[in-house]
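Asks: Before I ask anything, here is the structure I am working with.
Residue numbers (my numbering), protein chains in the order written: chain A, 41 to 399; chain R, 41 to 399.
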């Protein structure tokens, strides 16, 4: 927070008149021009994506981006594909706007191109041709998977053949602590079929509510028509722009290794306390979540509240399941607690699962 | 801005852990608890309105409040009443959500209760019974009028008799420099029929995007169901709460006299350059706008762009007119420029109006 405050102060010190003038008006509908300029440069440097500052729409978190884009491209009843398990916030938004959400099969690397195409064919044969695909290709929420480049290319090929736009949500892209980032769908394809969503909130602090999207001009205009007002908070935009210009690399270099330690402690806990039980779990290269899967038939959604009251929180798989499955699965968050608490929490979780007879 | 930054810093200095914890999560859907607590106390002190902090919904500016409430209580085709001339932002929102907007007659004090009832009767006879009423009772945008208490009571009586909820927009309430504030509709009536909207953006800086509404539980729940995500920017909320707790009175005592000088300079300009031309103008007790009316038949909307290019900006009356009238009227903003520029601008405006043959 002090970093953000210092950035704000430096901005007022150097551009006081501009700040006073800008703050006296509503923010630009696309959001702060300076932050869009910074975002354009960041997208080029980090993701090799070419987009003008005026092609970027800043929003109150990536959540607003997703909500606007859903409204822009979805009519009630439209079939929307997602990963088999998908971020609950997006699932709720899709349902709110009356999409018919179908989860496509995944494995530990995310969407499976062949299975995706099968799903499209099957739905189309039923008269439910999918309208578009939502995916979190990197550090997926809830499973933690990263989709390999080769699969992205295959999925793009499918998308073109079936006329199915892709909304990629890169909200966790800056939280990588292992391995290599894969190419964004938007880098691999700028034909207009790909909508790219990302966030500064996840990188710095969710309370900042600052995300953005990049889409074709037509989709962008439609999305903007659903906005309730002007662009997002100009005050937060000053702080974020100033802070990231000075500190992006340092910030990632400081916090991602801490995130890695937290994840590894959770992994050690899982190895020590879940090995040999039939459970499997993901080993993410970034993000906030590990996905735990117990053998089929073990219902850990039903006992979630009792386990929570006994001291370990998780979100049951069914919360992320458009198809209603996932009773034997759970999302474990490693980002908030210390490594020690992560390890001890997993030990306690194993004990509680045994007590409740699911393990 | 330095005041806001100091408030932020003081907050982190004193409650660093709480700040870190809160910023790590999405803001509460109702917005910052501390700012809602402050708002509850401010509503009591300034407006004699009793409402719990949990009855207040903070939003990204009052614009989001209005958009959410419109969606909560309006179906496409519903007739919504407003003042004969009404803030363009609300008019656009109403039209976006497909309301059938009808302006009710006004005079220099705002809505005229008898004429309002006549309008309701006439519309009802046509099968277009009004669903609800939107009004800016204090420092109306665009006309600058303040609705007297007695009229508010009569309008409330009408509202009850015709089952017509009232949305009162007090976004300019803190910008009073003359006269006495009148009672809010919400003070006079807490039966649930009144929705109360206000803003911190107008008071401090529009770039802050922080407004709020108070409504019945039923309407609030419906309005929240239309939100795109979580509550408004927590970062801005810290700054606003800290700043206003220390500085509200000083802020108003400092800036409202400046606003008054600006308005008076514009009034002098109008007296010196528009007297005897048949033009009339309002003399607001607060807010940002004076309303100028030329004799019927003089079209100042058609020449607006040429006058703007020659150096004087105004918004033509038709921009505020649900009924499509107002060609001979304009909204003049006195809040942004210095008193000198306001005076000189009016002198130039008279000259340009003469040149274009409308005066």
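A virtual CB, placed ideally from N, CA and C, is assigned to each residue, including glycine.
Return the Cβ separation of residue 350 (chain A) and residue 370 (chain A) in integer angstroms, given the expectation that the two are a contact with Cβ distance under 8 Å.
Replies: Residue numbering aside, residue 350 (chain A) sits at position 310 when the first chain is read from its first letter. Residue numbering aside, residue 370 (chain A) sits at position 330 when the first chain is read from its first letter. Residue 350 (chain A) to residue 370 (chain A), Cβ: 15 Å. No contact.
Asks: Check whether the region 376 to 387 of chain A touches the region 146 to 155 of chain A, counting contact only when three or more Cβ pairs, one atom from each stretch, lie closer than 8 Å.
Replies: These segments do not touch.
Asks: Determine whether the Cβ of residue 270 (chain R) lies closer than 9 Å to any Cβ atom of chain A.
Replies: Position 230 of the second chain, counted from the start, is the residue given in the question as residue 270 (chain R). Closer than 9 Å to some Cβ of chain A, the Cβ of residue 270 (chain R) qualifies, so yes.
Asks: Helix, strand or coil: which one does DSSP assign to residue 94 (chain R)?
Replies: Counting from 1 along the second chain, the entry for residue 94 (chain R) is found at position 54. In this structure, residue 94 (chain R) counts as helix in the three-state DSSP scheme.
Asks: Expressed to the nearest angstrom, what Euclidean distance is found between the alpha-carbon atoms of residue 227 (chain A) and residue 87 (chain A)?
Replies: Against the first chain, residue 227 (chain A) aligns to sequence position 187. Against the first chain, residue 87 (chain A) aligns to sequence position 47. Answer to the nearest angstrom: the Cα atoms are 7 Å apart.
Asks: Chain R partners of residue 47 (chain A), CB-CB under 9 Å?
Replies: Residue numbering aside, residue 47 (chain A) sits at position 7 when the first chain is read from its first letter. Under the 9 Å cutoff, chain R gives no residues; its nearest Cβ is about 10 Å from residue 47 (chain A).
Asks: Do residue 320 (chain A) and residue 303 (chain A) have their C-beta atoms closer together than 9 Å?
Replies: Taking the first chain and counting its residues from 1, the one referred to as residue 320 (chain A) is at position 280. Taking the first chain and counting its residues from 1, the one referred to as residue 303 (chain A) is at position 263. No.
Asks: Residues in the same chain with beta-carbon distance under 6 Å from residue 279 (chain R), minus the five sequence neighbours each way, listed in chain order, please.
Replies: As a first step, residue 279 (chain R) is located in the second chain; it is residue number 239 there, counting from the start. Hits under 6 Å: 44, 47, 48.
Asks: Assuming residue 107 (chain A) and residue 268 (chain R) form a contact by the criterion Cβ under 8 Å, report the distance between their Cβ atoms to the nearest whole angstrom.
Replies: Residue 107 (chain A) sits at position 67 when you count from the first residue of the first chain. Residue 268 (chain R) sits at position 228 when you count from the first residue of the second chain. Sure, about 4 Å apart at Cβ, within 8 Å.
Asks: Report the neighbours of residue 273 (chain A) on chain R: residues whose CB is nearer than 9 Å to its CB, in chain order.
Replies: The residue you call residue 273 (chain A) lines up with position 233 of the first chain. What residue 273 (chain A) touches in chain R: 100, 247, 248, 249, 250, 272, 273, 275, 276.
Asks: Is there contact here, the region 286 to 293 of chain A with the region 97 to 114 of chain A, by at least three beta-carbon pairs under 8 Å?
Replies: Contact fails: fewer than three Cβ-Cβ distances are below 8 Å.
Asks: If you measure beta-carbon to beta-carbon, which residues of the region 64 to 77 of chain R are closer than 7 Å to chain A?
Replies: Cβ contacts with chain A: 64, 65, 66, 67.
Asks: When the Cα atoms are used, what is the spatial distance from residue 392 (chain R) to residue 343 (chain R)?
Replies: Along the second chain, one-based indexing puts residue 392 (chain R) at 352. Along the second chain, one-based indexing puts residue 343 (chain R) at 303. If I take the Cα positions, the gap works out to 10 Å.
Asks: Can you tell me whether residue 148 (chain R) sits near the ligand SAM, meaning its C-beta is under 8 Å from at least one heavy atom of the ligand?
Replies: The ligand SAM is absent from the structure shown, which contains no ligand whatsoever.
Asks: Could you tell me how far apart the beta carbons of residue 316 (chain A) and residue 352 (chain A) are, in whole angstroms, since I believe they sit closer than 8 Å?
Replies: For the purposes of this step, residue 316 (chain A) is taken as the residue at position 276 of the first chain. For the purposes of this step, residue 352 (chain A) is taken as the residue at position 312 of the first chain. Residue 316 (chain A) to residue 352 (chain A), Cβ: 20 Å. No contact.
Asks: Under 9 Å between C-beta atoms, does residue 112 (chain R) make it to chain A?
Replies: In the second chain, residue 112 (chain R) corresponds to position 72, counting from 1. Residue 112 (chain R) does not count as touching chain A.
Asks: For residue 203 (chain R) and residue 73 (chain R), what's the separation of their Cα atoms in angstroms?
Replies: Translated into the one-based positions of the second chain, residue 203 (chain R) becomes position 163. Translated into the one-based positions of the second chain, residue 73 (chain R) becomes position 33. Going from the Cα of residue 203 (chain R) to the Cα of residue 73 (chain R) covers about 33 Å.
Asks: Alpha carbon to alpha carbon, how far is residue 137 (chain R) from residue 115 (chain R)?
Replies: Numbered from 1 along the second chain, position 97 holds the residue referred to as residue 137 (chain R). Numbered from 1 along the second chain, position 75 holds the residue referred to as residue 115 (chain R). Their backbone Cα atoms lie some 8 Å apart in a straight line.
Asks: To which residues does DSSP link residue 329 (chain A) through a beta bridge?
Replies: The sequence position of residue 329 (chain A) within the first chain is 289, counting from 1. A:373.
Asks: Using DSSP bridges, identify the partner residues of residue 251 (chain A).
Replies: Position 211 of the first chain, counting from 1, holds the residue named residue 251 (chain A). According to DSSP, residue 251 (chain A) bridges with A:99, A:239.
Asks: Using the beta-carbon of each residue, which ones in chain A are nearer than 7 Å to residue 42 (chain R)?
Replies: For the purposes of this step, residue 42 (chain R) is taken as the residue at position 2 of the second chain. Simply 52.
Asks: Quick check on DSSP: helix, strand or coil for residue 206 (chain A)?
Replies: Translated into positions along the first chain, residue 206 (chain A) becomes position 166. Strand at residue 206 (chain A).
Asks: Any idea which residues DSSP pairs residue 174 (chain R) with across the strands?
Replies: Here the question's residue 174 (chain R) lines up with position 134 in the second chain. R:207.
Asks: Against residue 103 (chain A), what residues of chain R qualify as contacts under a CB-to-CB distance less than 9 Å, listed in chain order?
Replies: By one-based count along the first chain, residue 103 (chain A) stands at place 63. 66, 268, 269, 270, listed in chain order.
Asks: What is the rounded straight-line gap between the Cα of residue 275 (chain A) and the Cα of residue 299 (chain R)?
Replies: What you label residue 275 (chain A) is simply residue 235 of the first chain in a count that begins at 1. What you label residue 299 (chain R) is simply residue 259 of the second chain in a count that begins at 1. Near 23 Å, if we compare the C-alpha coordinates of residue 299 (chain R) and residue 275 (chain A).
Asks: Are the beta-carbon atoms of residue 322 (chain A) and residue 175 (chain A) separated by less than 9 Å?
Replies: Against the first chain, residue 322 (chain A) aligns to sequence position 282. Against the first chain, residue 175 (chain A) aligns to sequence position 135. Not in contact: residue 322 (chain A) and residue 175 (chain A) (Cβ atoms no closer than 9 Å).
Asks: Please classify residue 164 (chain R) as buried or exposed, where buried requires at least 16 neighbouring CB atoms within 10 angstroms.
Replies: Indexing the second chain from 1 puts residue 164 (chain R) at position 124. When all chains shown are included, residue 164 (chain R) counts as exposed.
Asks: For residue 162 (chain A), count the other beta carbons within 10 Å of its own beta carbon; 16 or more makes it buried, fewer makes it exposed. Which is it?
Replies: Within the first chain, residue 162 (chain A) is the residue found at index 122, counting from 1. Exposed, by the Cβ-count rule.
Asks: Would you kindly work out how many angstroms separate the C-alpha atoms of residue 95 (chain A) and residue 192 (chain R), rounded to a whole number?
Replies: If you number the first chain from 1, residue 95 (chain A) lands on position 55. If you number the second chain from 1, residue 192 (chain R) lands on position 152. Looking at the two C-alpha atoms, the distance is approximately 47 Å.
Asks: Counting only beta-carbon atoms, is residue 91 (chain A) nearer than 9 Å to chain R?
Replies: Here the question's residue 91 (chain A) lines up with position 51 in the first chain. Not an interface residue.
Asks: Report the residue ranges of all alpha helix (DSSP H) runs contained in full by the region 89 to 162 of chain R; include only those spanning at least 4 residues, in chain order.
Replies: DSSP runs (the alpha helix (DSSP H)) wholly in the region 89 to 162 of chain R: 101 to 113, 128 to 136.
Asks: If contacts are defined as beta-carbon pairs under 8 Å, then residue 124 (chain A) and residue 146 (chain A) qualify, I think. What distance do you get, rounded to the angstrom?
Replies: Residue numbering aside, residue 124 (chain A) sits at position 84 when the first chain is read from its first letter. Residue numbering aside, residue 146 (chain A) sits at position 106 when the first chain is read from its first letter. About 5 Å; that satisfies the 8 Å criterion.
Asks: Helix, strand or coil for residue 355 (chain A), going by three-state DSSP, please let me know.
Replies: One-based indexing of the first chain puts residue 355 (chain A) at position 315. Three-state result, residue 355 (chain A): strand.
Asks: Would you kindly work out how many angstroms separate the C-alpha atoms of residue 201 (chain R) and residue 140 (chain R), rounded to a whole number?
Replies: For the purposes of this step, residue 201 (chain R) is taken as residue 161 along the second chain, with counting starting at 1. For the purposes of this step, residue 140 (chain R) is taken as residue 100 along the second chain, with counting starting at 1. In a straight line, the C-alpha of residue 201 (chain R) is about 21 Å away from that of residue 140 (chain R).
Asks: Just checking, does the region 221 to 237 of chain R make contact with the region 252 to 265 of chain R on the three C-beta pairs under 8 Å criterion?
Replies: A contact exists between the region 221 to 237 of chain R and the region 252 to 265 of chain R.
Asks: If the cut is a Cβ gap below 7 Å, which residues of chain A does residue 59 (chain R) touch?
Replies: Here residue 59 (chain R) refers to the residue found at position 19 of the second chain. Here the neighbours are 41.
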